[in-house]
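Colleague: Please find one structure pasted underneath; my questions will follow.
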């Protein structure tokens, strides 16, 4: 299912995310990865609630996301197809995918690409709308038995996933629809590892900790 929504851009400082030949700006890349990491930090620190209104367990070794030009390229290639559906998993082995679309009665060119890159809040909202208590913290059929939309949340919550890249097509349906695709790697069955968020480098398998967010870095 694709929800046709659009979210306002969040203006933040640009740290210099360059992908030669890419269609996005450094600001758009920075906005997207920062928004994802903000929610991952809240999740890792046990500040988010699920559909059962229970706080999600804290996480250890949850990775901080980095932008990947390679994943941006694969996501952009699929977005440009304007299929408004998921790509075949055979096309993206060990790569996860989130999608989002927006239709308008007028040309979507009136919306800037920065705003188009922020369906992240809706993807994360599936935690409170669809995700129930899950003691095993693994992706089982029971997790998505009440709807596939919950997979948009789990895709953003994979603890070991540390790379993301997104693409946006503004020309779909004769210019009246845009299509956003984000690719993630690597993908795992364990959603994330329960434990205490890192406070020092020694708490991370990678030996690098962002003390402010509680996320581990490569």
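Numbering (mature numbering (1 follows the signal peptide of the UniProt record, and there is no 0)), first residue to last: -16 to -1, 1 to 202. The C-beta atom is built at its ideal place from N, Cα and C for all residues, glycine as well.
For residue 189, does the count of other Cβ atoms within 10 angstroms reach 16, so buried, or fall short, so exposed?
Modeller: Counting from one through the chain shown, the residue named residue 189 turns up at place 205. Flag for residue 189 reads exposed.
Colleague: Tell me residue 86's beta-bridge partners as DSSP assigns them.
Modeller: Taking the chain shown and counting its residues from 1, one reaches residue 86 at position 102. In the DSSP output, where bridge partners are listed per residue, residue 86 has 162.
Colleague: How is the beta strand (DSSP E) around residue 147 delimited, first residue to last?
Modeller: On the chain shown, position 163 is the one that residue 147 refers to. Run containing residue 147: 147 to 155, per the beta strand (DSSP E) assignment.
Colleague: Report yes if the C-beta distance between residue 198 and residue 183 is below 9 Å; otherwise report no.
Modeller: To locate residue 198, count along the chain shown from 1; it is residue 214. To locate residue 183, count along the chain shown from 1; it is residue 199. Cβ distance < 9 Å, so residue 198 and residue 183 count as in contact.
Colleague: Give the secondary structure of residue 25 by DSSP, where H, G and I count as helix, E and B as strand, and everything else as coil.
Modeller: Looking up residue 25 in the chain shown gives position 41. Residue state, collapsed to three classes: helix.
Colleague: For residue 74, which of 58, 4, 48 has the nearest alpha-carbon?
Modeller: The sequence position of residue 74 within the chain shown is 90, counting from 1. Considering only alpha carbons, the answer is 58.
Colleague: Less than 7 Å between C-beta atoms, sequence neighbours within five positions excluded: which residues of the same chain meet that for residue 21?
Modeller: The sequence position of residue 21 within the chain shown is 37, counting from 1. Excluding residues within five positions, the ones whose Cβ falls inside 7 Å are 48, 49, 197, 199.
Colleague: Can you list, in chain order, the residues of its chain with a C-beta nearer than 8 Å to that of residue 41? Leave out the 5 residues immediately preceding and following it.
Modeller: As a position in the chain shown, residue 41 is number 57, starting the count at 1. So the list reads 30, 121, 178, once near-sequence residues are dropped.
Colleague: Could you pull the start and end residues of the alpha helix (DSSP H) that residue 65 belongs to?
Modeller: Within the chain shown, residue 65 is the residue found at index 81, counting from 1. Looking at the DSSP string, residue 65 is not in any alpha helix (DSSP H), and its letter there is neither H nor E.
Colleague: Return yes when the Cβ of residue 23 is within less than 9 Å of the Cβ of residue 104, no when it is not.
Modeller: Reading the chain shown from its first residue, position 120 is the one you call residue 104. Reading the chain shown from its first residue, position 39 is the one you call residue 23. A contact, by the Cβ cut-off of 9 Å.
Colleague: Taking residue 4 as the reference, give the member of 153, 54, 128, 130 with the closest Cα.
Modeller: Looking up residue 4 in the chain shown gives position 20. Checking every option, the nearest Cα to that of residue 4 belongs to 54.
Colleague: Where DSSP assigns a beta bridge to residue 167, which residues make up the other side?
Modeller: Sequence index remark: in the chain shown, residue 167 carries index 183 (1-based). 81, 149.
Colleague: According to DSSP, is residue 114 helix, strand or coil?
Modeller: Counting from one through the chain shown, the residue named residue 114 turns up at place 130. Residue state, collapsed to three classes: helix.
Colleague: By Cβ distance below 8 Å, which residues in the same chain neighbour residue 33 in space, the five residues on each side in sequence not counted?
Modeller: As a first step, residue 33 must be located in the chain shown, where it is residue number 49. So the qualifying residues of the chain are 39, 40, 111, 112.
Colleague: Buried or exposed for residue 175, going by 16 or more other Cβ atoms inside 10 Å?
Modeller: Residue 175 sits at position 191 when you count from the first residue of the chain shown. Residue 175 should be labelled buried.
Colleague: Taking the beta carbon of residue 77 as the centre, do at least 16 other beta carbons fall within 10 Å, making it buried, or is it exposed?
Modeller: Residue mapping note: residue 77 aligns to position 93 of the chain shown, counting from 1. With fewer than 16 Cβ atoms within 10 Å of its Cβ, residue 77 is classed as exposed.
Colleague: Quick check on residue 180: buried or exposed, where buried means 16 or more other Cβ atoms within 10 Å of its Cβ?
Modeller: Position 196 of the chain shown, counting from 1, holds the residue named residue 180. Classification for residue 180: exposed.
Colleague: If we count the other Cβ atoms within 10 Å of its Cβ and call it buried at 16 or more, is residue 14 buried or exposed?
Modeller: Your numbering for residue 14 matches position 30 in the chain shown. Looking at its Cβ environment, which holds 16 or more other Cβ atoms inside 10 Å, residue 14 is buried.
Colleague: For residue 195, does the three-state DSSP call read helix, strand or coil?
Modeller: The sequence position of residue 195 within the chain shown is 211, counting from 1. It is coil, neither helix nor strand.
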